[in-house]
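Chemist: Below is one structure. I have some questions about it.
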Amino acid sequence: MTPSTDQLPSNSDNVIQAADEFAQRHLVPNAAQWGRGLFDRKALFEPAGDAGLLGLQVPLAWGGMALPFTDTARVLHKLAQIDFSAAMALVNSHNVAAQLAKASPHALAPLYAGNLMRGLTVACTALTEPGAGSDLGQIQTTAIRQGDGWLLNGEKTWVINAAHADAVVVYAQTQTGSGVKGIAAFWVLADSPGFERVAVTTHTALSSMGIGGFRLRNVYCDASHLVYAPGEAFVDIMAAINRARTYVAAMCCGMVFRALHDVRVYGHKRAAFGQPLEQFQGWRWQVAQAATALQAAELMVREACDRIDRGLDVQSAAAQAKLYATSVAQTQLGILLHAMGAEGFLDHYAFLRHLTAAHAASLTDGSTAMLLERVSHDLRFKPDAG
Ligand SMILES: Cc1cc2nc3c(=O)[nH]c(=O)nc-3n(C[C@H](O)[C@H](O)[C@H](O)COP(=O)(O)OP(=O)(O)OC[C@H]3O[C@@H](n4cnc5c(N)ncnc54)[C@H](O)[C@@H]3O)c2cc1C
């Protein structure tokens, strides 16, 4: 039931090294061709499982690594340097393994956590609907009591891994009009009667994210497939979303880190007007600006990671880290691409893929507007607070 831990790295540095090796062996040769429509789920998830990367935050009792969050963010930073989309696909399936271990240790985790960590089973988390994105309280997918179980109806879209997932954690409204309080979470197998995938054709830069949607028509969900009851589901998703905001911020830093590296290497060897590009002050100032912005973003990510590991409130820190890091990636990846000249458009560089990913990152796990609302809320002047 639980995977062998024989081959899993035993400490943080080993995990980071395993992530690096996985990225070099499985992401570097594939990332560009996945964008040409050749995405292969087996080539991503199973080697990631073998490398231990699908058990980062899963408790030891389930064969996971129970890593500090800081190390999880470092792993994702490494993977995103090569392919942000693939890293998002992996972490989303991984999150479901960790969630089942916590929420359903007697029913669902014994059945699925092991294969999720091996990459043999792929899962995803479905909140967004054609009519409701930021406004989660407005979701229209319903879960109605049917005997001991539930009957699910509705449609989800823009879900990472949904194009090929074996199972989905579906968030559905159990009591119309009750907003987020009535939302519960259900484990739905993709081969259930009434489950129908709906293709979402994204830009090729997002291919390895496996974005998709699905319809649920009278999908029966056994009582044991309830992951979180009404009331609990929203509380859990809010805690999970702060971690997600933080690792998305770390991954944006990873993309900029990679671009900066490529630009520095290229600026050293490429000559124009009789000298290397790096000798031109105008050119190297752009690189210095990018490096400074990256350093600030990395520090904000570190602060949010540290707060998570110490069990402190992280809502504002996570929101600010993601706001800043996505903005740095959106801005600096374009500037660094320009600093490469035409060379930056070659397929073996990630500039364009990552520029698209940076814009996608500003929508996942809370759009920029939602994060600004979060930060503004915490900034409200409270006369009695001194
Ligand atoms: C690459 C990618 C992966 C994703 N993966 C998943 C996934 O795995 N599971 C899942 O459930 N969903 C996923 N999503 C969906 C994501 O959560 C939504 O895109 C996000 O919640 C925003 O919803 P929306 O796209 O419908 O935009 P909308 O909510 O329609 O908003 C459109 C624009 O208006 C702004 N806006 C909205 N409300 C306000 C306001 N009150 N004030 C000011 N501006 C506002 C938003 O910031 C945005 O810029 C993914 C999206 C992307 C792009």
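Quick note, in our numbering, the sequence shown goes up one by one and the last residue is 921.
We treat Cβ as the ideally placed atom computed from N, Cα and C, and that holds for glycine.
1) Considering only DSSP beta bridges, list what glutamine 708 is partnered with.
2) Report the three-state DSSP secondary structure of lysine 857 (helix, strand or coil).
3) Taking tyrosine 884 as part of the alpha helix (DSSP H), name the residues at either end of that continuous run.
4) Assuming arginine 732 and glycine 747 make a contact with CB atoms under 8 Å, what is their CB distance in whole Å?
5) In the DSSP output, what is threonine 660 paired with across the bridge?
6) Run through the stretch 748 to 836 for me and flag every whole beta strand (DSSP E) of 3 or more residues, listed as ranges in chain order.
7) Go to phenylalanine 730, then tell me how far its alpha helix (DSSP H) extends in each direction, as first and last residue.
8) From Trp693, Thr739, Asp900, Arg680, pick the residue whose C-alpha is nearest to that of cysteine 756; which is it?
9) Where do the ends of the alpha helix (DSSP H) carrying lysine 637 lie?
10) Secondary structure at lysine 577, three-state DSSP: helix, strand or coil?
11) Using 7 Å as the cut-off, classify the Cβ of valine 550 as near or not near the heavy atoms of ligand 1, replying yes or no.
12) Quick check on the DSSP output: the alpha helix (DSSP H) that includes leucine 741 runs from which residue to which?
13) Taking the alpha helix (DSSP H) that threonine 903 belongs to, which residues open and close that run?
14) Please identify the residue among Asp683, Asp919, Val610, Ile674 whose C-alpha is closest to the C-alpha of alanine 661.
15) At a cut of 8 Å, does the stretch 588 to 607 reach the stretch 768 to 776 through at least three beta carbon pairs?
16) Following a CB-centred definition, is alanine 702 positioned closer than 7 Å to any heavy atom of ligand 1?
17) Could you check whether the Cβ of threonine 736 sits closer than 7 Å to any heavy atom belonging to ligand 1?
18) Have a look at histidine 912 and serine 851 and give me their C-alpha separation to the nearest angstrom.
19) Would you say the stretch 851 to 871 touches the stretch 885 to 899, given that touching needs at least three Cβ pairs under 8 Å?
20) When you compare each of Thr656, Val798, Met652 to alanine 633 by their alpha carbons, which one comes out closest?
21) Which class does leucine 687 belong to by DSSP, given the choice of helix, strand or coil?
22) Among the residues of its own chain, which have a CB less than 8 Å from the CB of glycine 817, if the five just before and after it don't count?
23) Is the closest heavy atom of ligand 3 to the C-beta of threonine 899 under 7 Å?
24) Is threonine 676 near ligand 1, with its Cβ less than 7 Å from a heavy atom?
25) In the DSSP assignment, the alpha helix (DSSP H) including glycine 930 goes from what residue to what residue?
26) What does the Cβ neighbour count give for alanine 904, buried or exposed, with the cut at 16 atoms within 10 Å?
27) My guess is that valine 705 and lysine 691 are in contact by the Cβ rule of under 8 Å, so how many angstroms apart are they, rounded?
28) Take every Cβ of the stretch 825 to 833, pair it with every Cβ of the stretch 786 to 794, and state whether three or more of those distances are shorter than 8 Å.
29) Does the separation of the CB atoms of alanine 702 and alanine 734 fall below 8 Å?
30) Count the CB pairs spanning the stretch 576 to 587 and the stretch 612 to 628 that are closer than 8 Å, and state whether there are at least three.
Modeler: Straight from the coordinates:
1) Thr677, Ile718
2) helix
3) It is not in any alpha helix (DSSP H) - tyrosine 884 carries neither H nor E in the DSSP assignment.
4) 6 Å
5) Val704
6) 761 to 763
7) Taken as a continuous stretch (DSSP letters only), phenylalanine 730 belongs to no alpha helix (DSSP H), being part of the beta strand (DSSP E) at 730 to 734.
8) Arg680
9) 604 to 638
10) helix
11) no
12) Run containing leucine 741: none; DSSP gives neither H nor E here.
13) 903 to 914
14) Ile674
15) no
16) no
17) no
18) 9 Å
19) yes
20) Met652
21) strand
22) none
23) As far as ligands go, the structure on display features ligand 1 and does not contain ligand 3.
24) no
25) Lying outside 536 to 921, the shown extent of the chain, residue 930 is not represented and no answer is given.
26) exposed
27) 7 Å
28) yes
29) no
30) yes
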